[in-house]
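Below: one structure, written as C-alpha cells.
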Amino acid sequence: MKFKKEVYKLVRKIPKGRITTYGEIARALRTRAYRHIGKILKENRDKKVPCHRVVLSNGKVGGYNRGVNTKIKLLRKEGIRVVNKKIIDFKSRFYKFN
DNA sequence: TCTTTACTCAAGG
DNA sequence: CCTTGAGTAAAGA
C-alpha cells in the first residue's frame with residue numbers, strides 16, 4: 006500500500022511550528038480519500054510522524070490518538086495558538102506541499 | 001460485499 | 001452558526 010507510505014513520508018516533512026491539513030495531504034497525493042488519511046495516521050504510532058501537526062481544513066484541531074487535549078498541548082508547545090479547538094494563526098502557519 | 005473512518009465540500013435553514 | 005449527505009479508498013469481517 007503506497008498510501009500509508011506516502012502519507013507518512015509527507016507528514017514527516019512538516020517542519021516544527023507549522024501545520025497542514027488532511028485535505029492538503031490528499032491534494033499532494035492526488036487523491037480524494039481525505040477520511041482514509043485520518044485513519045492511517047491514527048493507526049500509525051511512529052514518533053517520526055508528527056500527526057499532531059495535521060488539522061482540519063476549517064481551522065479546527067481534529068482528532069488525536071491520545072486525545073485532542075494532548076494534541077493541542079503539543080501544538081502550543083511549538084508556538085501555535087489554539088483556542089477552543091481552533092487554530093488562531095491557521096493561515097500563517099499552514100505548510101503547503103510542493 | 002458491507003461497514004467504519006482523526007475528513008471535506010456544498011447546500012439549506 | 002448549525003446539520004445533512006455525498007464523495008472517497010483501505011482494512012476487516
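Sequential numbering from 6 applies to the first sequence in this note's numbering. Idealized CB from N, CA, C, for every residue including glycine. As the structure is a prediction and not an experimental result, all values here were calculated from the model.
1. Would you check if the distance between the CB atom of LYS76 and the CB atom of HIS57 is smaller than 8 Å?
2. According to DSSP, ILE24 sits in a beta bridge with which residue or residues?
3. Can you tell me where the alpha helix (DSSP H) with ARG40 in it begins and where it stops?
4. Where does LYS102 land, buried or exposed, given buried means 16+ other C-beta within 10 angstroms?
5. Compute the beta-carbon to beta-carbon distance between VAL54 and TYR13, rounded to the nearest angstrom, for a pair I have assumed lies under 8 Å.
6. Check whether the region 83-96 touches the region 13-27, taking contact to mean three or more Cβ pairs, one atom from each stretch, closer than 8 Å.
7. Along the alpha helix (DSSP H) that carries ARG81, what are the first and last residues, could you check?
8. For LYS7, report the span of its alpha helix (DSSP H) as first-last.
9. Provide the residue(s) that pair with ILE93 in DSSP beta bridges, ordered along the chain.
The structure says:
1. By 1-based counting over the first sequence, the position of residue 76 is 71. By 1-based counting over the first sequence, the position of residue 57 is 52. Against a cut-off of 8 Å, the Cβ pair of HIS57 and LYS76 comes out as a contact.
2. For this step, residue 24 is matched to residue 19 along the first sequence. Looking at the DSSP assignment, ILE24 forms a beta bridge with PHE99.
3. Working through the first sequence from its first residue, we reach residue 40 at position 35. Here the alpha helix (DSSP H) through ARG40 covers 39-48.
4. Within the first sequence, the letter at position 97 stands for residue 102. With the sequence shown as reference, residue 102 is identified as Phe, and Lys is not the correct amino acid for it. That one is exposed.
5. Locating residue 54 in the first sequence gives position 49, where the first residue counts as 1. Locating residue 13 in the first sequence gives position 8, where the first residue counts as 1. Right, the Cβ-Cβ distance comes to about 5 Å (below 8 Å), so this counts as a contact.
6. yes
7. Counted from its first residue, the first sequence places residue 81 at position 76. Start and end: 73-82.
8. As a position in the first sequence, residue 7 is number 2, starting the count at 1. Unbroken alpha helix (DSSP H) run through LYS7: 7-17.
9. As a working note, residue 93 is residue 88 in the first sequence. The partner list for ILE93 (beta bridge, DSSP) is empty, contrary to what the question assumes.
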